[in-house]
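Engineer:
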Amino acid sequence: RAQKVNPMNVEAYANLGLALAKAGRTEEAALRLSQAIEIQPQFAQSYYYLGLVRNAQDRLPEAIENYRETLERRPNHPGARQKLNLLLKETEKGQPH
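Residue numbers (this note's numbering): 231 to 327.
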(Lines of atoms letter the chains of each structure in order from A; the text may use other names.)
(Lines give C-alpha, C1' and ligand atoms only; values in the text may rest on other atoms or scores of the structure.)
Protein backbone atom coordinates (compact mmCIF):
# COMPACT_ATOMS: atom_id res chain seq x y z
CA ARG A 231 0.00 0.00 0.00
CA ALA A 232 1.08 3.53 -0.71
CA GLN A 233 0.71 4.48 2.97
CA LYS A 234 3.65 2.20 3.82
CA VAL A 235 5.89 4.18 1.46
CA ASN A 236 8.07 7.03 2.72
CA PRO A 237 5.51 9.68 3.80
CA MET A 238 7.58 12.32 2.04
CA ASN A 239 6.93 10.62 -1.32
CA VAL A 240 4.44 13.06 -2.76
CA GLU A 241 3.61 10.93 -5.79
CA ALA A 242 2.55 8.06 -3.52
CA TYR A 243 0.23 10.40 -1.58
CA ALA A 244 -1.20 11.82 -4.80
CA ASN A 245 -1.76 8.36 -6.26
CA LEU A 246 -3.35 7.17 -3.02
CA GLY A 247 -5.66 10.18 -3.16
CA LEU A 248 -6.67 9.34 -6.71
CA ALA A 249 -7.28 5.68 -5.81
CA LEU A 250 -9.45 6.71 -2.86
CA ALA A 251 -11.43 9.07 -5.09
CA LYS A 252 -12.03 6.30 -7.63
CA ALA A 253 -13.28 4.13 -4.75
CA GLY A 254 -15.80 6.85 -3.83
CA ARG A 255 -13.95 7.88 -0.66
CA THR A 256 -13.73 11.53 -1.66
CA GLU A 257 -13.25 13.07 1.79
CA GLU A 258 -10.30 10.79 2.53
CA ALA A 259 -8.98 11.43 -0.98
CA ALA A 260 -9.12 15.18 -0.44
CA LEU A 261 -7.23 14.78 2.84
CA ARG A 262 -4.43 12.74 1.22
CA LEU A 263 -4.16 15.15 -1.68
CA SER A 264 -4.01 18.11 0.68
CA GLN A 265 -1.19 16.33 2.51
CA ALA A 266 0.63 15.83 -0.79
CA ILE A 267 0.30 19.56 -1.49
CA GLU A 268 1.70 20.37 1.96
CA ILE A 269 4.67 18.05 1.37
CA GLN A 270 5.51 19.44 -2.06
CA PRO A 271 3.49 22.52 -3.10
CA GLN A 272 5.05 22.62 -6.57
CA PHE A 273 3.81 19.15 -7.61
CA ALA A 274 1.06 20.09 -10.08
CA GLN A 275 -0.58 16.68 -10.27
CA SER A 276 -1.75 16.85 -6.64
CA TYR A 277 -3.74 20.00 -7.41
CA TYR A 278 -5.20 18.40 -10.52
CA TYR A 279 -6.34 15.30 -8.65
CA LEU A 280 -7.79 17.47 -5.88
CA GLY A 281 -9.67 19.40 -8.56
CA LEU A 282 -11.14 16.12 -9.81
CA VAL A 283 -12.23 15.26 -6.27
CA ARG A 284 -13.78 18.68 -5.64
CA ASN A 285 -15.55 18.46 -8.98
CA ALA A 286 -16.98 15.06 -8.02
CA GLN A 287 -18.12 16.57 -4.70
CA ASP A 288 -19.86 19.42 -6.59
CA ARG A 289 -17.55 21.91 -4.90
CA LEU A 290 -17.03 23.73 -8.17
CA PRO A 291 -15.36 26.96 -6.95
CA GLU A 292 -12.72 24.85 -5.19
CA ALA A 293 -12.29 22.63 -8.25
CA ILE A 294 -11.79 25.72 -10.43
CA GLU A 295 -9.15 27.02 -8.02
CA ASN A 296 -7.38 23.63 -7.98
CA TYR A 297 -7.25 23.53 -11.78
CA ARG A 298 -5.86 27.07 -11.83
CA GLU A 299 -3.22 26.05 -9.28
CA THR A 300 -2.31 23.11 -11.52
CA LEU A 301 -1.86 25.40 -14.51
CA GLU A 302 0.25 27.86 -12.53
CA ARG A 303 2.69 25.04 -11.85
CA ARG A 304 2.37 23.25 -15.18
CA PRO A 305 0.91 25.61 -17.83
CA ASN A 306 0.64 22.91 -20.51
CA HIS A 307 -1.31 20.43 -18.37
CA PRO A 308 -4.00 19.38 -20.89
CA GLY A 309 -6.41 17.82 -18.41
CA ALA A 310 -6.44 20.84 -16.13
CA ARG A 311 -6.98 23.25 -19.04
CA GLN A 312 -9.85 21.15 -20.39
CA LYS A 313 -11.54 20.71 -17.00
CA LEU A 314 -11.12 24.38 -16.11
CA ASN A 315 -12.65 25.57 -19.39
CA LEU A 316 -15.56 23.16 -18.99
CA LEU A 317 -16.27 24.24 -15.41
CA LEU A 318 -16.04 27.92 -16.29
CA LYS A 319 -18.60 27.41 -19.07
CA GLU A 320 -20.88 25.46 -16.72
CA THR A 321 -20.71 28.07 -13.98
CA GLU A 322 -21.33 30.89 -16.47
CA LYS A 323 -24.53 29.15 -17.61
CA GLY A 324 -25.76 29.11 -14.03
CA GLN A 325 -25.15 32.84 -13.53
CA PRO A 326 -27.97 35.32 -14.13
CA HIS A 327 -27.23 37.68 -17.02
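We put the beta carbon where it would ideally sit given N, CA and C, even for glycine.
Secondary structure at GLY309, three-state DSSP: helix, strand or coil?
Structural biologist: Looking at GLY309 - three-state DSSP - the assignment turns out to be helix.
Engineer: With burial defined as no fewer than 16 other Cβ atoms inside 10 Å of the residue's Cβ, what is the status of THR256: buried or exposed?
Structural biologist: It is buried - the Cβ of THR256 has at least 16 other Cβ atoms within 10 Å.
Engineer: When the distance is taken between beta carbons, is SER276 closer than 8 angstroms to ALA244?
Structural biologist: In contact: ALA244 and SER276 (Cβ atoms closer than 8 angstroms).
Engineer: Whole-angstrom Cβ separation of LEU280 and ASN306, contact assumed at under 8 angstroms?
Structural biologist: The Cβ separation is near 19 angstroms, so there is no contact.
Engineer: Quick check on the DSSP output: the alpha helix (DSSP H) that includes PRO271 runs from which residue to which?
Structural biologist: It is not in any alpha helix (DSSP H) - PRO271 carries neither H nor E in the DSSP assignment.
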